[in-house]
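Here's the structure we're looking at; comments come further down.
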Amino acid sequence: MKFIKDDFLWGGATAASQVEGAYNEGGKTLTMLEMKPFTPIKDRTAIHFGGNTKDDYLKAIENKENLHYPKRFGIDFYHRYKEDIVLFKEAGMGIYRMSIAWSRIFPYGDDEKPNQSGIDFYRNVFEECKKAGIKVMVTMHHFDTPYEITKKYGGWTNRIVIDLFVKYAETLFKEFDNVVDFWLPFNEINVAIWSTEVGLGVFESDFKSKNERDQAAYQGLHHQFIAQAKVIELGKKMCKPETKFGCMVANITTYSLDCNPINEMANLKSQQLSRWFFYDVVAKGEYPTYIKRYFAENNINIKMENNDEKFLKNNTVDFISFSYYMSATVAVQGNDKASGNVSTGGKNPFLEATEWGWQIDPIGLRVSLNQMWDRYQKPLFISENGIGVLENLNSKNTVEDDYRIEYLSKHFEQISEAIKDGVDVFGYTMWTPIDVVSASTNEMSKRYGIIYVDYDDYHNGTGNRFKKKSFYWFQNFMKTKEL
Ligand code: BGP
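Last residue of the sequence shown: number 522 in the working numbering, and the count goes up by one each step with no gaps.
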């Protein structure tokens, strides 16, 4: 079949902390991501973010222990970006979604002036993209609050951090408006409810109770919602008129485990808490009624300033972007129906899963696209989608990744179907055109790329890049749009 839409934007996405490396070059300071030690993984399906104490992180500052921190090295994009962008062009990418590391621009968070060396680095990267005719989408915060902000201000639970972030955004608009087409203030803004370290730059192990933790997570999130709205307001004033501002939410399509109404209600509630709440705030500009009930029942009180609600209403996103890797099932736990405890993640007998337990579900993407279009009537963009696999180069210096070709083409087909359904979806950036360090498990060996990178989990290797079979498949698809 032929992909239905001619002017659809196709490309790939990466994030600073997973590709750049050079963690202490050019004036950059640390983020918690580069302080998280690597632990070889035994049960892959059990690990997702978290799992370290504050002490584990703090040891990394002195680096006295013989521990390994993969995000300090990434894939050395900091030094090899030219070569990578040439490959992106060769693959046929029309758009590159990348992130800027806040800690390269304002290493101490509250520096009076931005760090010129960081600005120069990104300017050089953008120039290469321009030369290659590749449009740019920039994420301003991809899980990487500078640790200096945590140390000094306590991370996003402190309202002051909003001002620091807006100042950072102002610098980016001033420096890069001419080259950036789309801005995403926050990557996967909902991840804060699963990890305050990743989302908010706040240590999980500092909390004394679940309530204290949830209270802090939602307060920090409120600050990010306001920060995003402020950045949009400012961007509309500072940037060229065609620039667009979007959100980014980690989107897992969920199904009730069975047709028991109690499970369907659990599914509805799970979707409200983990997905719709976030889109509702940033796309409709309001805290929905169901979250108010949840807050009241769970003793969560969000401190708002007078104009906050009005401000959110007046500064919603132009488009909605989201990541989509998998679907999950939802059910009320065991027979304990009265408790209302919900379990997500039960095995779906109709789907296959990756080694990490991520259930592959192309139709789930069409389901989500339709749901979001029905709810928000705003243009949609799939800012991440892909498959992580353990892979090795074969004797011909390539990887025969037919499973990736199948994964991508099946998802592309469903995007095409959603467009026929009438959904306004205008672009897609695969995660990722090139192998990177995993966000959740810190592994290099969880590979997503159509380009192989010769590093292992301990950063042994040449770092050389090799085209996988999927590289050629994607290149051909970009020419023919045939699936
Ligand atoms: C998202 C992140 C990315 C990315 C991807 C894959 O959560 O935005 O940074 O890494 O998921 O996840 P992982 O690397 O954990 O496999």
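Note that CB positions come from ideal geometry on N, CA and C, so glycine has one too.
**OP:** Identify every residue that forms a DSSP beta bridge with Cys298.
**Re:** Paired residues: none, contrary to the question.
Subject >> Outcome for Ile330 when other beta-carbon atoms lying within 10 angstroms are tallied against a minimum of 16 >> reply: buried
Original post:
I think Pro76 touches Asn91, with their Cβ atoms under 8 Å apart; what is that distance to the nearest whole Å?
Top reply: 7 Å
Original post:
For the segment 304 to 321 against the segment 409 to 422, are there 3 or more C-beta pairs whose distance is under 8 Å?
Top reply: yes
Original post:
Can you tell which of Glu122, Trp141 and Ser234 has the C-alpha that lies nearest to the C-alpha of His30?
Top reply: This structure cannot speak to residue 30, because the chain is shown only from 40 to 522.
**OP:** Classify Val177 as helix, strand or coil using the three-state DSSP reduction.
**Re:** Val177 falls in the strand class under three-state DSSP.
Original post:
Heavy atom of the ligand BGP less than 7 Å from the Cβ of Ala140, yes or no?
Top reply: no
**OP:** For Ser378, I'd like the list of residues in its chain whose CB is within less than 6 Å of its CB, leaving aside the five on either flank, ordered along the chain.
**Re:** Any reading at Ser378 is ruled out, since the residue's pLDDT is 49, under 50, leaving its predicted position unreliable.
Subject >> Cβ-Cβ separation, Gly193 to Val241 (assumed contact under 8 Å), whole Å >> reply: 7 Å
Subject >> Close-in-space but distant-in-sequence residues of the same chain around Ile232 (CB under 6 Å, 5 per side omitted) >> reply: Ala256
Subject >> Backbone secondary structure at Trp395 - three-state DSSP >> reply: coil
Subject >> Residues sharing a beta bridge with Arg504, DSSP >> reply: Val492
Original post:
Just to check, is the beta-carbon of Gly427 closer than 7 Å to a non-hydrogen atom of the ligand BGP?
Top reply: yes
Original post:
Taking just the CA atoms, how far does Met287 sit from Phe358?
Top reply: 9 Å
Subject >> Buried or exposed (CB count within 10 angstroms, at least 16 for buried), Gly259 >> reply: So Gly259 ends up on the buried side.
Original post:
Cβ of His181 versus every heavy atom of the ligand BGP: is any distance shorter than 7 Å?
Top reply: Yes, the Cβ of His181 comes within 7 Å of a heavy atom of the ligand BGP.
**OP:** Indicate the three-state DSSP secondary structure (helix, strand or coil) for Tyr364 in the structure shown.
**Re:** If DSSP states are grouped into helix, strand and coil, Tyr364 belongs with coil.
**OP:** Report all residues from its chain with a CB closer than 7 Å to the CB of Gln57; omit the five preceding and five following residues, and keep chain order.
**Re:** Lys110, Gly113, Val475, Val476 and Ala478
Subject >> Thr393 Cβ short of 7 Å to the ligand BGP heavy atom set >> reply: no
Subject >> Cut-off 6 Å between Cβ atoms - residues of its own chain near Val219, not counting five sequence neighbours on either side >> reply: Val175 and Val177
Subject >> Three-state secondary structure assigned by DSSP to Glu336 >> reply: helix
Original post:
What are the complete alpha helix (DSSP H) segments, minimum 4 residues, inside the segment 265 to 328?
Top reply: Taken in chain order, the unbroken stretches of alpha helix (DSSP H) that lie wholly in the segment 265 to 328 and span 4 residues or more are 300 to 310.
Original post:
Going by DSSP, which residues form a beta bridge with Ser138?
Top reply: Thr178
Original post:
Applying the criterion that 16 or more other CB atoms from any shown protein chain within 10 Å of the CB defines a buried residue, is Arg119 buried or exposed?
Top reply: So Arg119 ends up on the buried side.
**OP:** Name the two residues that bound the continuous beta strand (DSSP E) containing Ser422.
**Re:** Start and end: Leu419 to Glu423.
**OP:** Assign Pro224 to buried or exposed, taking buried as 16 or more other Cβ atoms, counted over all protein chains shown, within 10 Å of its Cβ.
**Re:** buried
Subject >> Candidates Asp496, Thr480, Tyr497 and Gly502, of which the one nearest Ile490 by Cα >> reply: Gly502
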